[in-house]
Each structure stands twice: as structure tokens, then as C-alpha cells.
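Protein chains in written order, with this note's numbering: chain A, 3 to 257; chain B, -16 to 288. Quick reminder that beta carbons are idealized off the backbone N, C-alpha and C, glycines included. Beneath this line is the structure, given in C-alpha cells, with notes to follow.
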Amino acid sequence: MNLSYRIGYVFFRNLMSYKRFVVPTFIASLIQPLFYLVTFGIGMGAYMGQFGGKSYLDFLVPGVLVSSVMLSASFECLYGTFIKMIHEKLYDSLLATPVSAEDAVAGDIAWGAFRGLVSGTLMMLVAMVMGVSPVSIPSVLLLFVLMVFVGILFGSLAMIVTSFAPNFDFFSYYTELILTPMLFFSGVFFPLDRFPGWMKSFAQFLPLTHAVAVARAVFSGVYPRGLIANFLVIVGLETVVFWAALKLMKRRLVK
Amino acid sequence: MSAIITAKDLVKKYGDLTAVDGISFEIGEGECFGFLGPNGAGKTSTVKMIHCVSPVTSGSLTVAGLPAHIDNRVLKKMTGVIPQEITLDNDLTVYENLIVFSKFFDIPRREAKVRIAEHIKFVELEAKRNSRISQLSTGMKRRLLIARALLNNPRLIIADEPTTGLDPQARHLIWQRLRQLKAQGVTLILTTQYMEEAQQLCDRIVIMYQGKILKGGLPSRLIEDEIGREVAEIRIPPEEDAKLIAQLEGFSSGHERVGDTLFFYCKDGHNLRHKLVELDLPNTVHRPATLEDVFLKLTGRSLIE
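Right, dumping it as C-alpha cells:
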């Protein structure tokens, strides 16, 4: 493992290029989660009655928020990184400088996490406009921290997929077979407690389930017992996939 | 001349494919050293090991006294690379490309600005300072790659086929710039398939083929030793070969038939020329020997695929 402060330089490169795409990426990262909030939250919410003493929209917002972080970080580290690696050959020029392969990949994961943070923050603002806000200022700050963790987790997972991807189409397997189903099995749209036992157990294997649980608790300020376990799962898994992402990408980049 | 690069029994394998097959060479400080060879000869694989982006499979390779290694940041810091492929950042402008790259080398912002202004001028891109990469011609992109390779004031510059795909004007401009750098005492390593480029720039060359070094030395000496001074190309039907070879016996130092042409090599063209005039053959070209003749003689005149 050959990591250094040069991660920041890679992040800086991405920031330089981002300034030309800010507006389109804002729109792109807002549209899908916003769609969920409006259709499910308002449309379906009208038929749902109360959810633990609150409206369905209140239930929905924290989950959609971390999902938007997940999607943004994932897409950045799938398509964004693939373009930089294969089409633009940016990694080739990076590796010829004192920036190591690990620095470059970690810098891109950090960038993916940042993009996730931006999407999540935008979502939070939209939710506030719709009348759903985190319970307190500390809870807002905790949500930022959580979003960074979630971003690094899904950025690293996506990076692992990228390290194997022969072409763009390969990413459909991951987005359609893993990310999209995960949205529906992780308690974003409805609570998991009425699922049959096997589905509940299955959900525990999905990293998004844990992120949603923590987000919902932080959002409402009500911390159920066992939440620390959810958080530890996120951090533990994140450490492993981050490490694996650097190793696998290095294997692909250095020939 | 002290050696800045020493390679001994250097091997590079990609899976089952052996790209570099046990080569040894030394490159002196301040020298311009050329790797020549057809596509797939192992030139790029060799220079990639030198500038530490590709691991050495076996053998030893030291640069400035340090072992070349993928994680050797010290060597990467003192090396400038002009890559074969255009690896510029299309999302950024010319200036931003250079600013970002100078950061990768830990060059302080103020110093970076001075160097960038200097290098943009050196490669004649002042007018394009704020243009996006897509607005540049191929020649401009190649020049920008040179400017980028100079940001860290490298002691060693690696130019991997730096003029591929350029028109003659752009090519000559790049040659001039590379010669200027060499005059400043920088060690220059060049890979090329253009013999003229090697003759223009290199003090010493090696000719690579299928991962091995076939021959090496001063370009002029190689031509002299392998071919001689002059070459006569005669287009006659193969049936007449034997007769003509007999007639030119003693005038040439060697001959070779390739396709429709019979090549005669000679050390002293004077007598051969007289003899050719005397024989009054049609379709005859008589010219000085070039590095291209050496290259083709060593690597074969047929297509390599």
C-alpha cells in the first residue's frame, strides 16, 4: 500500500474539471431521488396514513438521502473512473508522476464520496423545502459525516467493479442487478419488519440497509438499540472494500 | 561519460508474452539514446520500465543509481515523460493541464506559474493558453505533452515515439526542441520507428526486434558496418539476378533480393556507379546508405504483423 497526501492532488484535478459540469451534474443527481420523493412520498404517502406517528414522507427522506449518496458515488467511480482510465488515459499520465496508483484510485474514491455528499446535501435541501428537516443542527452535521462514510463505501465497491470492467456495458450488471434491487430491499421505501424472516436476513447483507438505519436514526434523533452495530458494519465493510479497491485497481493499472 | 541507466538481462513478460527478452545496455548522462524497432519490438515496454510505470519481470535496471521500481517516487520526480499516446486532460485548458501536473510534482504554485509561462513559450502555444484540449491540433497536443514533461525540470526525458502522426513542420519543430533540451545537458531517451528521426537526434541507438537488441552503436558506424556507404536498387526480373550479380562481383559488398528489387550494398560507390552506367540498366536508383537500410536488413524487409 503506497498512499500519500497526493490523494489531495487527484481530488484537486477532479475539482478543476468539475467546475465545467456543475450544473448538469446537479440536475442529474437530483432527478431520480426527487422522483422517488414526489411519487412515493407525496403520491403514495397520501394513502399511507401515519408511519410511527409521522407522515410517510418523513419515513422516506433519510433513506432516499443515503440512496442518492450511494448512486452518485457509484456512478462517479464506475463511469467517471472508466472514462478517465480507458478513454482519456489519465491514469497513464498520473502513474508517470510521483502520484502512485493507490493515490490516484483513493483520490477518485474520495472524489466519488464528495459527489455523493453534494447529492445528499441537495436532497436534504429539497426535503427541507418539502417540510422535512433533520431534528437538530448536530444531527445535520452527523448526517454529513454519515454521507462521507456511505460515499467512500459505495465508491470503493464501484471501483472494484471498474477494476474488472471490460467495457461500459459491464456496469449494467452492477447497476441493474445489485444497486437497483438494493434500493428496494434495504428499507428505503418501507420498513423491513413485515418482511418474511429470510428476506430480513437477506437485507442484513446489504450495506445500504445499515446506512438507511443509521440515517433514519440520525435524522429523527431517536437512536434505537443496536444502531452501533449498523455503524460498525458500515465502517468494517468500508475498510475492507477500500483496501480491495486499491489493490484490484492497481493490478489493472500497473502492467 | 558516466552511466545514468544500466540494464542487465532485462526481461519483461505480460503473462505468456515476452515483450523484452533479456537485454543489456548502458545509457550515459547527457546522451541521446534511441530505441529503434518495428511495432511490438519491445521499445515501449523497455522505456516504461525505465520510467517506473511497469515492473521489471527479471534482470536488473538501475536509473541514477537507484533500482527502477513502480513505487520509486524519487525517480519519477526526476523524469519527464512524453508519452506515445496523447494523455492530456480533455476536461481542462492548456494552462490548467500544466497547473494540475505541476501539483503532482509538488511544485509550489508561484514557481509553477513561472515555469508554465516559460514552457508554453518554448513549445509556441502562448496563443492557446486558455484553449481546451479539443481545440488543439495533433501537433499542438504533442507540443503540450513536451511542455508538460518539462515541468519538473527533469534530468532524464523519455520520448516515446514523440512525432507519430505529425506533419513535417510539426515534426521538425519537435526535433528542434528535443535537440535544445539535449544541449542543456538533459539525458534523452527516444523510441521511434522513423529512421530519419533517429539519425537527426540520437548519439547512439540500438535496434530492437522481438524483444532483443540486434545491434547497437553510433548510427553512422552502424550504417558503415552493416551496409556500407551506398546502395543501388535495381528493378529487374529475378531470372536475371544471377547474371547481374556475376557482373557486379567485386563492386559490391553484398546483395539482397526483396520483392521486385535487387539491392546492392557497397563501401565505395564510385566503381559501382561506373559499372552501372556501363551496363545501362533501366529502373536503377543509386543513393547513400541510410539507417533505414540497416533497420530493414536486420529486421527483414517483409511486413511485420
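If you draw a straight line from the C-alpha of B:T76 to the C-alpha of A:M161, how long is it? Each residue's Cα considered, the two are about 27 Å apart.
Whether A:D60 touches A:V134 by CB criterion (7 Å): Cβ distance < 7 Å, so A:D60 and A:V134 count as in contact.
Residue range of the unbroken alpha helix (DSSP H) whose run includes B:G252: Taken as a continuous stretch (DSSP letters only), the alpha helix (DSSP H) holding B:G252 covers 252 to 262.
Along the chain, where does the beta strand (DSSP E) containing A:E178 start, and where does it finish? Run containing A:E178: none; DSSP gives neither H nor E here.
Run through DSSP, which three-state label would B:L274 get? Looking at B:L274 - three-state DSSP - the assignment turns out to be helix.
Answer with yes or no whether the minimum CB distance from B:F87 to chain A is below 7 Å. With 7 Å as the cut-off, B:F87 counts as an interface residue toward chain A.
Under a Cβ-count criterion, where at least 16 other Cβ atoms within 10 Å of its own Cβ denotes burial, should B:I90 be classed as buried or exposed? By the 10 Å Cβ count, B:I90 comes out buried.
Within chain B, partners of A:S19 - CB distance below 8 Å: A:S19 reaches chain B at D72, D74, L75, counting residues in chain order whose Cβ is nearer than 8 Å.
So that I know if they touch, is there some Cβ in chain B lying closer than 7 Å to that of A:R254? It does not; no Cβ of chain B falls within 7 Å.
Given 8 Å as the limit, is there contact between the region 259 to 272 of chain B and the region 205 to 214 of chain B, that is, 3 or more CB pairs closer than that? Touching, yes, given that three or more Cβ pairs across the two stretches are closer than 8 Å.
Near A:K249, what residues of its chain come up, given a Cβ to Cβ distance below 6 Å and the 5 sequence neighbours on each side ignored? Nothing listed; no residue qualifies.
For the candidate residues B:L19, B:S43, B:A2, whose alpha-carbon lies nearest to that of B:G25? Considering only B:L19, B:S43, B:A2, the residue with the shortest C-alpha distance to B:G25 is B:A2.
Considering A:G47, what are the terminal residues of the alpha helix (DSSP H) in which it resides? 47 to 50 is the extent of the alpha helix (DSSP H) around A:G47.
Would DSSP call B:L173 helix, strand or coil? DSSP places B:L173 in strand when its eight states are reduced to three.
Assuming B:R126 contacts B:I157 (C-beta within less than 8 Å), just tell me the rounded distance between them. The pair is a contact, with the Cβ atoms about 7 Å apart (cut-off 8 Å).
Which first and last residues belong to the beta strand (DSSP E) in which A:A215 is found? That residue, A:A215, is in no beta strand (DSSP E); its alpha helix (DSSP H) goes 209 to 222.
Identified DSSP bridge partners for B:I(-12): According to DSSP, which records beta bridges pairwise, B:I(-12) is partnered with B:I10, B:V46.
Return the first residue and the last residue of the beta strand (DSSP E) that B:L197 is part of. First-last of the beta strand (DSSP E) with B:L197: 195 to 200.
Reduced DSSP category for A:V74 - H, G, I as helix; E, B as strand; rest coil: Reading the sequence as shown, one finds Ser at residue 74 of chain A and not Val. A:S74: helix per DSSP, three-state reduction.
Residue span of the beta strand (DSSP E) that contains B:F247, given as start and end: For B:F247, the enclosing beta strand (DSSP E) begins and ends at 244 to 249.
Please state the DSSP three-state secondary structure of B:T40. Coil.
Which residues does DSSP list as the beta-bridge partners of B:C291? With chain B running from -16 to 288 in the structure shown, residue 291 of chain B is simply not present.
Does the region -7 to 2 of chain B come close enough to the region 41 to 61 of chain B to have 3 or more Cβ pairs within less than 8 Å? Yes: the two stretches touch, three or more of their Cβ pairs being nearer than 8 Å.
CB B:P137 to CB B:M32, shorter than 7 Å? It is not a contact, given that the beta carbons lie outside the stated cut-off.
Between B:H34 and B:V83, is the Cβ-Cβ spacing less than 7 Å? It is not a contact, given that the beta carbons lie outside the stated cut-off.
Would B:I196 and B:I172 be called neighbours here (beta carbons separated by less than 7 Å)? Between B:I196 and B:I172, the C-beta gap is not smaller than 7 Å, which leaves the two residues out of contact.
Partner residues on chain B for A:L97, Cβ-Cβ distance less than 7 Å: In chain order: V36.
Entirely enclosed alpha helix (DSSP H) segments - the region 85 to 169 of chain B, minimum 4 residues: With a minimum length of 4 residues, the continuous alpha helix (DSSP H) runs that stay inside the region 85 to 169 of chain B are 92 to 105, 121 to 133, 151 to 166.
Spell out whether any CB of chain B is found under 7 Å from the CB atom of A:G90. This sequence places Glu at residue 90 of chain A; Gly is not what is there. At least one chain B Cβ lies under 7 Å of A:E90.
Chain B contact for A:R117 (CB, 7 Å cutoff): No, because no Cβ of chain B sits closer than 7 Å to the Cβ of A:R117.
For B:L231 and B:T121, what's the separation of their Cα atoms in angstroms? If I take the Cα positions, the gap works out to 48 Å.
For B:N22, does the count of other Cβ atoms within 10 angstroms reach 16, so buried, or fall short, so exposed? Within 10 angstroms of the beta-carbon of B:N22 lie fewer than 16 other beta-carbons, which makes it exposed.
Who are the Cβ neighbours of B:R256 in its own chain at under 7 Å, not counting the five residues just before and after it? H269, listed in sequence order.
If contact is defined by three or more beta carbon pairs under 8 Å, each pair taking one atom from either stretch, is the region 138 to 146 of chain A in contact with the region 213 to 229 of chain A? Enough Cβ pairs lie closer than 8 Å, so yes.
With a cut-off of 8 Å on the beta carbons, I'd call B:L71 and B:L128 a contact; round off their distance for me. Contact flag correct, Cβ pair sits at about 7 Å.
Any idea what DSSP makes of B:E288, helix, strand or coil? Bear in mind that the predicted position of B:E288 carries a pLDDT of just 46, short of 50, making it unreliable; the figure below should be weighed with that in mind. The three-state reading of DSSP puts B:E288 in coil, since its state is none of H, G, I, E or B.
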